[in-house]
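Numbering (the numbering used here), first residue to last: 268 to 612.
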């Protein structure tokens, strides 16, 4: 499988390889999971994949999520249906315009732990990002994905069979699967390496409100070093964004990103970061080409104990602090701790 330029993945995926499970057929295979640092076992991968399939929601989707419903059909057999809010989709310009919800994903997941295999049956098309709620149905399986864990060496094998019975194992599938493998292995590695954990909880800045709250950081870093490095890490991420122009002030960073749409028109979105080391506050406001605020992400660093609190305010003004965002905050905070303690910054 070819890699997109400039992107690195948690493990390489190789398209159209000879299938170890079904000789004569082709599959997508991972490179060896034994060679990763730290290595990932077949059991670890399988268990984390199952956790992910029960909540296959990223922070962007959490902002428009209406429901994620898991129905148990029996032991290691469950159906997951994700519905995103049509009114919120309309507000972002991705809806039908009449408030219709979208079924982003609808899968039945069957796990055979003895065989180290997972199959997922799709009722709505993944490549099309699902189907409108008034068109979605679970009457017909439109594609079945097969995930087989292999040992000696530890690898993952993937293939998809469509409703016509055609088997898919090409580069298009491999590129799509990176979303799964990066999430699963990335989370396992983040947990293994994390000095501090972050989880959903109640806010201290606004008592009783939902926030992501970290464990105390005092053992690992001091307040000034952490806050300074947090600003640096956010600035560097914005500078690496494609077509970005970044202006840095003493208490503000402004990043303008220029994109060309399908009709050749240039659109500029802006990320404005404002921060105060005295108060421990930092926020990132993302505005679209029309100057409307799409999302504002907040960080509050509390001094004693040294704890980070984070939350989002969505376009509709709602406060959001979901599971996927907690994982993102945990990864971010641990990266900042490591950078603050590194000679190389």
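Positions of the beta carbon are idealized from the N, C-alpha and C atoms, including for glycine.
DSSP state of residue i mapped onto helix, strand, coil
i, result
"residue 322", "coil"
"residue 520", "strand"
"residue 611", "coil"
"residue 380", "coil"
"residue 269", "In this predicted model, residue 269 has a pLDDT of only 39, less than 50, meaning its place in the structure is not dependable; the value taken from the coordinates is given anyway. The answer is coil: DSSP assigns residue 269 none of H, G, I, E or B."
"residue 409", "coil"
"residue 314", "helix"
"residue 582", "coil"
"residue 562", "strand"
"residue 296", "strand"
"residue 279", "coil"
"residue 605", "helix"
"residue 432", "coil"
"residue 403", "coil"
"residue 396", "coil"
"residue 329", "helix"
"residue 530", "coil"
"residue 486", "coil"
"residue 391", "coil"
"residue 307", "coil"
Where the alpha helix (DSSP H) through residue i begins and ends
i, result
"residue 500", "490-507"
"residue 448", "438-460"
"residue 358", "353-359"
Test item: CB-CB of residue i and residue j under 8 Å
i, j, result
"residue 574", "residue 452", "no"
"residue 389", "residue 374", "yes"
"residue 579", "residue 564", "yes"
"residue 568", "residue 493", "yes"
"residue 313", "residue 296", "no"
"residue 303", "residue 422", "no"
"residue 607", "residue 496", "yes"
"residue 510", "residue 530", "no"
"residue 392", "residue 398", "yes"
"residue 305", "residue 456", "yes"
"residue 298", "residue 416", "no"
Residue(s) in a DSSP beta bridge with residue i
i, result
"residue 348", "336, 373"
"residue 301", "Bridge partners of residue 301: none, in fact."
"residue 479", "467, 577"
"residue 569", "574"
"residue 425", "295, 414"
"residue 341", "344"
"residue 587", "579"
Start and end residues, beta strand (DSSP E) containing residue i
i, result
"residue 288", "Where residue 288 is concerned, there is no enclosing beta strand (DSSP E), given that its DSSP letter is neither H nor E."
"residue 664", "Residue 664 lies beyond the stretch modelled for the chain, which goes from 268 to 612, so this question has no answer here."
"residue 549", "548-554"
"residue 513", "511-515"
Segment contact, 8 Å Cβ cut-off, at least three pairs: the stretch 368-385 with the stretch 333-345: yes
Any contact of the stretch 477-488 with the stretch 585-597, i.e. 3+ C-beta pairs under 8 Å? Judged by Cβ distances under 8 Å, the stretch 477-488 makes contact with the stretch 585-597, as three or more pairs qualify.
Is it true that the stretch 528-545 meets the stretch 433-453, where meeting means three or more beta-carbon pairs spaced less than 8 Å apart? No, the stretch 528-545 is not in contact with the stretch 433-453.
Could you check whether the stretch 359-372 touches the stretch 322-334, counting it as contact only if at least three pairs of C-beta atoms, one from each stretch, sit closer than 8 Å? yes
Any contact of the stretch 286-297 with the stretch 314-325, i.e. 3+ C-beta pairs under 8 Å? no
Say whether the stretch 428-438 touches the stretch 446-466, bearing in mind that this needs 3 or more beta-carbon pairs closer than 8 Å, one atom from each stretch. no
Are three or more beta carbon pairs between the stretch 514-530 and the stretch 457-471 nearer than 8 Å? no
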